[in-house]
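Peer 1: Structure provided below as structure tokens; questions to follow.
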Ligand SMILES: [Zn+2]
Ligand SMILES: [Zn+2]
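Protein chains in written order, with the working numbering: chain A, 9 to 496; chain B, 9 to 496.
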């Protein structure tokens with residue numbers, strides 16, 4: 009019984025080095041040939057990693073909210089910040105920009121009203137006149153007036169930040185279960201929406217978001233967005249097309265100001281709480297929008313917690329529409345963001361592949377599905393790994409136990425992303441790269457791993473082939489510059 | 009690009025059922041054909057599991073010390089207790105018997121002395137005269153006298169139990185790190201040793217241990233033992249051969265009293281803190297003992313924490329002795345009981361295979377080693393999965409994230425064991441079967457999984473072929489009886 013080098017007999021101990029090299033060559037980046045300069049930097053990285061693994065508090069093993077200050081002191085993190093990381097392929101538009109800016113800039117603008125809901129949350133709205141009471145908001149206060157009455161608005165502003173992020177000093181106590189953390193998660197989305205659906209804010213917000221990514225050496229963005237209706241001060245409302253056009257315009261301006269940025273593309277999302285017929289309509293709508301904005305619209309996805317929502321197969325009649333009608337709509341499904349192994353939800357992984365998904369969002373459960381894993385690999389369906397999101401949303405506590413360790417060791421197509429940076433506090437991609445490189449990949453992940461992960465984000469993007477090639481060339485130049493300026 | 013059913017194209021949604029069946033058929037037990045009665049019981053099991061997954065506290069997701077009372081209330085656990093589980097292939101002799109018996113029976117025997125060490129631990133010794141002071145024990149107290157002076161010895165007895173087990177109400181606080189829990193772990197071994205190396209106690213201890221296993225419907229034992237010197241009341245000392253003979257005699261008596269018990273075999277262990285030359289001597293010694301006691305000695309292993317000890321390759325000159333001398337010594341190496349991915353310790357997995365190991369103890373890191381995983385599978389080198397041990401020793405907190413989920417989904421050769429039942433409180437195999445079946449295997453693990461796991465423990469045992477066959481027949485009868493009495 010032999011397959012490849014593997015036979016039904018004990019291997020020869022004299023082959024040890026060769027077998028170890030063979031195994032290493034299978035991991036992500038295992039086939040990357042490093043230059044002399046890269047090998048030098050790689051050796052330095054390995055030394056840093058060995059040092060970090062020997063410290064009493066190993067950041068990937070503890071909750072990100074506690075690990076964050078440790079990571080920020082890490083020389084590996086400093087290097088990762090400087091590293092050209094390619095594109096961010098899995099970020100949600102409502103959580104793109106750090107909440108500090110929302111509170112300290114946006115809520116200080118004129119005409120910003122706040123209300124305090126019965127469930128100790130808040131809502132915002134911009135309006136020239138006093139806003140109408142709604143079912144959960146009877147009393148609206150103008151923030152300018154409210155803050156004028158305070159001696160020091162700082163504690164108040166901090167409480168607003170609390171409402172917009174999941175951050176807390178003691179996450180294990182604040183979020184004892186997945187249910188609790190998801191409830192807070194969904195609430196924070198609602199709180200932010202009143203601010204960022206104000207049309208003038210949205211423009212600034214998107215530009216600010218691109219700036220934050222660019223500062224972290226990211227050159228491209230695929231943003232999942234529900235294309236929410238936006239509103240003006242007078243209460244007039246813009247539609248989805250306005251949203252798409254705005255993204256296009258803001259990106260064009262940003263690219264003009266930063267010529268090394270490739271662009272923004274949108275994955276249109278709807279919530280999995282919708283009915284099949286509404287998802288059908290959304291699918292048809294997305295097909296039309298992709299036709300009208302082929303440079304902006306990448307495809308379609310369903311969002312919302314998988315464990316408590318309907319699974320992909322429930323929506324099959326809607327999701328098979330393009331195939332059945334001979335139309336095109338690329339899918340980028342969230343799938344397998346669960347540890348409920350063997351349930352209907354767990355089948356989302358296989359169903360995403362059956363529905364011809366282009367990538368898999370999270371794919372946390374993929375290593376527990378050997379057949380789906382083979383399909384994903386054979387079809388070049390990359391997994392969007394968001395380590396910090398998985399930890400904060402309580403799928404795994406010690407990131408060394410993240411199942412993607414299996415995918416990384418096998419060289420599975422994989423990209424790194426941040427999912428909801430404003431909620432988790434993992435702006436840019438450097439924090440998530442740190443967790444994947446130091447925690448999930450372990451000591452055997454090396455500079456080749458980082459190089460392949462970064463290149464993957466262009467390779468598995470939705471960019472058309474000629475832009476992919478151009479993007480890879482540009483990224484390659486940045487990479488070489490990164491190596492030459494950081495090797496010593 | 010096609011391999012098997014998997015091609016570089018999206019699969020056909022109409023094949024969904026077929027693909028799901030194909031994937032399920034790969035898991036452990038996936039190729040077991042269930043009888044009508046088994047299918048009925050399987051459906052009931054699935055219902056129970058769905059119910060348990062929906063409860064607010066899911067036992068595999070929380071620490072075993074907190075989960076234990078919940079597990080004991082589970083109807084799945086009650087069934088697993090009745091299920092014939094085959095053999096226990098990974099238990100250490102010093103932790104075979106529940107500590108209640110040690111404290112409430114053994115320490116109440118005549119001539120039992122105790123001393124209190126400076127590090128707030130205790131030592132025991134049996135002696136006719138007053139024991140000599142040793143470096144850590146200046147004052148020895150006769151327990152009979154000590155207890156006579158107490159009003160109620162119960163609190164004192166409970167404190168003794170504390171010294172002999174890892175159990176604590178709040179394990180996360182008591183054991184903040186792997187280092188702390190391993191320190192307590194190694195201490196508890198030392199505390200027990202004074203009791204169970206007393207020759208008359210050892211006989212009773214072994215018999216008692218077999219009784220505990222038999223009561224949990226286990227029919228065979230492979231015990232890892234260092235064959236410690238044992239002592240009599242007068243201070244005279246017995247050697248390793250006496251230990252082996254005693255195991256043989258006690259087992260023979262036990263089998264006479266319980267004819268459905270197959271026997272006990274010993275895996276001789278030495279600690280990985282020894283020098284290469286002492287391990288060489290131990291290897292030669294083990295070869296000789298296996299020649300002299302072929303029915304009792306199964307092979308050889310190294311014990312002690314991998315992360316802080318020398319790795320297998322360090323001992324290669326000793327461990328390659330049998331191969332180089334043309335002699336036989338089967339190995340049963342602990343390997344990959346670590347989450348220090350990519351370190352030298354992590355290479356124990358590959359080295360165990362290079363050194364021709366018969367099974368792998370723990371193999372926690374195996375799914376992160378694709379080549380080693382293939383070698384293990386092709387060579388029928390079974391993994392000894394000890395879920396509760398891995399959780400208590402802090403490799404993983406939520407057992408749904410145990411990497412063996414990958415092995416189970418791929419049908420890797422695997423057996424379930426308990427490692428150190430007296431320390432963890434997981435007497436028998438039912439607790440660990442529960443964790444593997446409900447937690448690691450998830451909803452897709454079924455009665456076929458249980459059947460294959462139980463049969464594996466005979467199939468991958470060190471029994472000679474004719475005894476394996478006889479054992480499987482006997483187990484098969486017990487299994488059929490289990491099904492017929494529990495299906496309704
Ligand atoms: Zn997401
Ligand atoms: Zn062990």
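The beta carbon of each residue, even a glycine, is placed where N, CA and C say it ideally should be.
(1) Strictly below 9 Å CB to CB, what residues from chain A border residue 342 of chain B?
(2) Hey, quick one: how far does the beta strand (DSSP E) through residue 474 of chain A stretch, first residue to last?
(3) Can you say whether residue 147 of chain B is buried or exposed, counting buried as having 16 or more other CB atoms within 10 angstroms of its CB?
(4) At a CB-CB cut-off below 7 Å, which residues of chain B make contact with residue 452 of chain A?
(5) With hydrogens ignored, establish whether the beta-carbon of residue 427 of chain B is closer than 7 Å to any heavy atom of ligand 2.
(6) Determine, using beta carbons only, whether residue 508 of chain B and residue 34 of chain A come nearer to each other than 8 Å.
(7) Alpha carbon to alpha carbon, what distance is there between residue 390 of chain A and residue 309 of chain A?
(8) Can you pull the DSSP bridge partners for residue 100 of chain A?
(9) Could you please give the first and the last residue of the uninterrupted alpha helix (DSSP H) stretch that includes residue 541 of chain B?
(10) Can you tell me the Cβ-Cβ gap for residue 36 of chain A and residue 416 of chain A, rounded? I've got them flagged as a contact below 8 Å.
(11) Could you name the residues of chain A that residue 414 of chain B contacts, counting a contact when the two beta carbons are closer than 7 Å?
(12) Are three or more beta carbon pairs between the region 153-169 of chain B and the region 201-214 of chain B nearer than 8 Å?
(13) Please list the partners that residue 61 of chain B has in chain A, where partner means a Cβ-to-Cβ separation under 7 Å.
(14) For residue 67 of chain B and chain A, any beta-carbon pair shorter than 8 Å?
(15) With distances taken Cα to Cα, identify the nearest neighbour of residue 62 of chain A among B/187, B/152, B/363, B/358.
(16) So, is the C-beta of residue 409 of chain B closer than 8 Å to a C-beta in chain A?
(17) Report whether the distance from the Cβ of residue 369 of chain A to the nearest heavy atom of ligand 1 is below 7 Å.
(18) Is the Cβ-Cβ distance between residue 372 of chain A and residue 403 of chain A less than 8 Å?
(19) When the Cα atoms are used, what is the spatial distance from residue 241 of chain B to residue 262 of chain B?
(20) List, in order along the chain, the chain B residues whose C-beta lies closer than 9 Å to that of residue 117 of chain A?
(21) Measure the CB-CB distance between residue 454 of chain A and residue 50 of chain A and report whether it falls below 8 Å.
(22) So residue 376 of chain A packs on residue 392 of chain A, CB below 8 Å; how close in whole Å?
(23) Under a CB-based cut-off of 8 Å, is residue 47 of chain A close to chain B?
(24) Residue 252 of chain A to residue 220 of chain A, Cα distance in whole Å?
(25) Tell me which residues of the region 28-41 of chain A have at least one Cβ-Cβ distance to chain B shorter than 7 Å, keeping chain order.
(26) Report whether the distance from the Cβ of residue 100 of chain B to the nearest heavy atom of ligand 2 is below 7 Å.
(27) Who are the near neighbours of residue 246 of chain A in its chain, counting only those whose CB is closer than 7 Å to its CB and skipping five residues on each side?
(28) Select from A/443, A/31, A/98 the residue whose C-alpha is nearest the C-alpha of residue 367 of chain A.
(29) Just the chain B side, please: which residues come within less than 9 Å of residue 355 of chain A by C-beta, in chain order?
(30) Compare the C-beta of residue 406 of chain B against all C-beta atoms of chain A and say whether one is closer than 8 Å.
(31) Who are the near neighbours of residue 243 of chain B in its chain, counting only those whose CB is closer than 8 Å to its CB and skipping five residues on each side?
(32) Closest by CA to residue 75 of chain B, which one among B/459, B/131, B/433?
(33) Taking just the CA atoms, how far does residue 321 of chain B sit from residue 23 of chain B?
(34) Below 8 Å on the Cβ atoms is my guess for residue 110 of chain B versus residue 21 of chain A; work out the distance and round it to an integer in Å.
(35) Determine, for residue 429 of chain A, whether the minimum Cβ-Cβ distance to residues of chain C falls below 8 Å.
(36) Measuring straight from C-alpha to C-alpha, what distance separates residue 302 of chain B and residue 335 of chain B?
Peer 2: Straight from the coordinates:
(1) Simply none; closest approach about 18 Å.
(2) Residue 474 of chain A -> not in any beta strand (DSSP E); alpha helix (DSSP H) instead, spanning 473-494.
(3) exposed
(4) 349, 350
(5) yes
(6) Residue 508 of chain B falls outside the range modelled here, since chain B spans only 9 to 496, and no answer is possible.
(7) The alpha-carbon of residue 309 of chain A is positioned some 15 Å away from that of residue 390 of chain A.
(8) A/232
(9) Chain B is shown only over 9 to 496; residue 541 of chain B falls outside these bounds and no answer can be derived.
(10) 5 Å
(11) 375, 376, 414
(12) no
(13) 348
(14) no
(15) B/187
(16) yes
(17) yes
(18) yes
(19) 25 Å
(20) Within chain B, no residue comes near residue 117 of chain A; the closest Cβ sits about 43 Å away, beyond 9 Å.
(21) Yes.
(22) The Cβ separation is near 18 Å, so there is no contact.
(23) no
(24) 20 Å
(25) Taking 7 Å as the cut-off between beta carbons, the residues of the region 28-41 of chain A near chain B are 28, 30, 31, 34, in sequence order.
(26) yes
(27) Excluding five sequence positions before and after residue 246 of chain A, the CB atoms of its chain that fall closer than 7 Å to its own CB belong to 207, 237, 238, given in chain order.
(28) Answer by Cα proximity: A/98.
(29) Listed by position along chain B, the residues whose Cβ is nearer than 9 Å to that of residue 355 of chain A are 24, 28.
(30) yes
(31) 135
(32) B/433
(33) 48 Å
(34) 42 Å between Cβ atoms; not a contact.
(35) Among the chains of the structure shown, chain C does not appear; the protein chains present are A and B.
(36) 14 Å
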